[in-house]
Every structure is written in C-alpha cells, then in structure tokens.
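This report concerns only the one structure given below.
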Amino acid sequence: MNGYHIKTSISHPAKHVLVFQIIKTMYSRLNPTATRLFAHSARIPIRISRPVHRHFTTTMSQAKDWSANQYLKFENERTQPARDLLSHVPLTAPKRIIDLGCGPANSTTVLATTYPSATITGLDSSPDMINRAKQVLPDRDFHVEDLSTYTPDPAKPVDLFFSNAVFQWLKADDRIAIIKRLLQPQEKGAVFALQVPYNLDEPSHALMQETAVAGPWAEKLAGVQRDGFQSPQELYDLVKPFCSHVHVFETSYYHALESHEAVIEWVKGTGLRPFLDLLEDSEKEVFLKDYLRRLQGAYPVSVDGRVLLKYPRLFMVAVK
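For what it's worth, full-length UniProt numbering labels the leading residue of the sequence shown as 1, then goes sequentially.
Spelled out as structure tokens, the structure:
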C-alpha cells in the first residue's frame, strides 16, 4: 500500500476548517493585528461540537445504491483497516462470524483467510455490494440487510460481530443500542469489533461542507452531514457496562495518492455521495471543480508529485 500510518491512543483535535476561516475573516476585518494572532493560533487545536443535521436512519440506506466499482478503486487502502482491526480480536477459532456492512467482500475475505473453518455471513444494505460479494466468495453467505433492524438467529450463537466502516452512517443515538442489542444475547466471550472513519474534521471532509454552502446548490444541500462519531472516552463509557473488556484506539493512515483528483475519486465512493446524490449532473461537475480547487489549497504536492491524504480511523474491540 502506498503510504503509512501512525497509531495513537487518544482522539485527534478537531480542525473545523470552515468555522475557523469564518472567525478568522471576521476578526481580521475588525482588527488588522488579528491576522497575525490567527496565524499563530492556527497551530493550536480547537474543539468545536459538530452540529447534528440530516441523518441516515438506516445503515448506508440512501436514495441511490452504492457502487462497488467506485469503492474498490482503492481496495487495498480500504481493506488495511480491516486487517488491523482483526489483529486485535482475541479469538483463535470462532465458529460463527457476522460481517456487518461487508461491502464487496473485502473485509469478508480477510475474515475467511484468517478463520477458514468459521461460518461467515456478510450483510450489507447495498444490493450492488452484495452481488459483488457473492462473486468474490461464492462459498460464503451474503444477504441484503438493514443493520438498524437486523437480528441474528438466536439458535445460532455468534462469536464475532465484525464491522469495517459502517457504524458512522448510523444516528449517534442508535449506534450503542445496536451494539448492545446484538452482543448481549450472545455467550460470554463473544466479541464486537468495529472501525470507523474518524475524519469529519479533516480538510477532505470539512471542505465538502464549505463547498456545499458556497454555491447555488446551498439550499439543496442544507443539512447534509452525518453525526460525528463518539469520542474514545464516550465509546468506552457507553460500551463497558455490558462488556468485560473494551479496547479503543485510533490510527491515522497517510495514503499517498496520485493527485488531488485521486482524493476526489476516493471520497466519491463514500463521503461525497450524500452531496452528489442530490445534484443534477451539470451541478455535480461545477461542485467537483470547486471542491477540487479547495483541496488543492489544503493539501500540498509531495516531492514525488503525490498527495498525502490523512485518514484517521477509530477502532473498538469489545468482549462480552
């Protein structure tokens, strides 16, 4: 994989680019010396609560289906977090595994390789993802399911619930309830492992919002933003009461992409979808050009011509 990653055990500071720029502009107009003040303070982390806007009430269930082809343009980079998550799962021979939000089976393949004797079922709300998954692993079971309502067969105990980048699409208030509902009926020692992008404060995502409010599509895109994910402390405190052990950690990946356009191709498969799905084709073209211009100002070009895309992710492994 092009790039590298840094692992930390604390949450990264927020960097709300749009809010900071607005405040900077206001103070600079009031006081010329404010520009120098903000030039210094830009290096100081600022924590600002994220607003709650339009929610995706079901797991990744939006008006248009997901594209497996778009998602797989960066298959290795998207799969590495699944490998890293699985390396922390304290199970040697689980009998039954449920892959929640399996996508095109990239995470399921990691599970099947590690636990070849396990019965593995992959679930996703996207028919296109499930169709691709069935082609990749025809000997495994895959089903279109909505995570918010899915309930496993109580007669078939689950040893491992595995979720690679799906819980961020749920309402903040629903996430822990779903984890508890799925894990509590299982036997002692059952594991719930998940990882989610933890990057709403990164320029790649903050600039989506900046682009959305700056163009003629502002009213159409008003409120398109998912809930920020719980902090490591919040996640631990909410899950620990019904688990014997909870391990939470964060890893920041730095993906060396070919260009700023490649950054767009990356986020078109996930984070940009809620915006682009609401725009006409002509609007999409203008939106993406504006977004590209902003990305070019936020991400420098490396010595080899590539662009380093920082991608923080939050991990949790909980044992009942």
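Even glycine gets a Cβ: it sits at the ideal position worked out from N, Cα and C.
Cα-Cα separation, residue i to residue j
{"i": "Arg-313", "j": "Met-208", "result": "19 Å"}
{"i": "Val-248", "j": "Ser-125", "result": "26 Å"}
{"i": "Arg-83", "j": "Leu-288", "result": "32 Å"}
{"i": "Asp-304", "j": "Leu-257", "result": "11 Å"}
{"i": "Phe-167", "j": "Asp-146", "result": "12 Å"}
{"i": "Thr-113", "j": "Ala-93", "result": "12 Å"}
{"i": "Leu-308", "j": "Phe-315", "result": "22 Å"}
{"i": "Leu-85", "j": "Tyr-150", "result": "22 Å"}
{"i": "Leu-235", "j": "Leu-91", "result": "22 Å"}
{"i": "Asp-139", "j": "Trp-169", "result": "29 Å"}
{"i": "Ala-318", "j": "Ile-176", "result": "12 Å"}
{"i": "Pro-185", "j": "Lys-320", "result": "10 Å"}
{"i": "Lys-268", "j": "Glu-280", "result": "15 Å"}
{"i": "Val-239", "j": "Arg-96", "result": "22 Å"}
Candidates the options, of which the one nearest residue i by Cα
{"i": "Lys-156", "options": "Glu-187, Thr-114, Val-136", "result": "Glu-187"}
{"i": "Leu-183", "options": "Pro-154, Asp-128, Leu-137, Glu-258", "result": "Pro-154"}
{"i": "Thr-251", "options": "Asp-99, Pro-203, Lys-310, Thr-114", "result": "Lys-310"}
{"i": "Leu-137", "options": "Ile-179, Val-317, Pro-203, Cys-102", "result": "Cys-102"}
{"i": "Glu-219", "options": "Cys-243, Leu-278, Arg-96", "result": "Leu-278"}
{"i": "Tyr-198", "options": "Gly-223, Phe-229, Ser-244, Trp-169", "result": "Phe-229"}
{"i": "Pro-81", "options": "Trp-266, Trp-169, Glu-202, Asn-106", "result": "Asn-106"}
{"i": "Arg-294", "options": "Ile-97, Pro-203, Val-158", "result": "Pro-203"}
{"i": "Gly-271", "options": "Glu-280, His-205, Ser-259", "result": "His-205"}
Where residue i falls, given that 16 or more other Cβ within 10 Å makes a residue buried
{"i": "Asp-128", "result": "buried"}
{"i": "Ser-302", "result": "exposed"}
{"i": "Ser-87", "result": "exposed"}
{"i": "Gly-189", "result": "exposed"}
{"i": "Ala-222", "result": "exposed"}
{"i": "Arg-226", "result": "buried"}
{"i": "Arg-181", "result": "exposed"}
{"i": "Asp-99", "result": "buried"}
{"i": "Pro-300", "result": "exposed"}
{"i": "Asp-173", "result": "exposed"}
Identified DSSP bridge partners for residue i
{"i": "Asp-124", "result": "Val-144"}
{"i": "Thr-119", "result": "Arg-96"}
{"i": "Asn-164", "result": "Gln-195"}
Any 3 or more C-beta pairs closer than 8 Å across the segment 155-172 and the segment 131-145: Proximity of the segment 155-172 to the segment 131-145 falls short of the contact definition, fewer than three beta-carbon pairs being nearer than 8 Å.
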